[in-house]
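Working notes, structure below.
Residue numbers (the numbering used here): 824 to 916.
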């Protein structure tokens, strides 16, 4: 793999300690940290909002729509914890 994607391998090697840092957390918190559900939810929302539009005039119009969707999502999340009961999960770490 190193010969095929040397830059990717070097990036992983350089940041390996950071990448594996979540293993130092408690089991319940580790399960929450390793998931990509939050990102997947945002992608689903973008698809849900853009599919009915079917076509766009240009790249700038797509970027404006996606920016608006992401901005709205960010406002909905503002002030809300990403992980419910985070304080309970971190007590034993």
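Built from N, CA and C at the ideal position, the CB exists for glycine as well.
The alpha-carbon of residue 869 is positioned some 11 Å away from that of residue 876.
Here residue 866 is not near residue 856, since their CB atoms are 8 Å or more apart. When only Cα atoms are considered, residue 895 and residue 871 end up about 14 Å apart. One Cα belongs to residue 878, the other to residue 888, and the distance between them is close to 12 Å.
In the three-state reduction of the DSSP assignment, residue 879 falls in the coil class, being assigned neither a helical nor a strand state.
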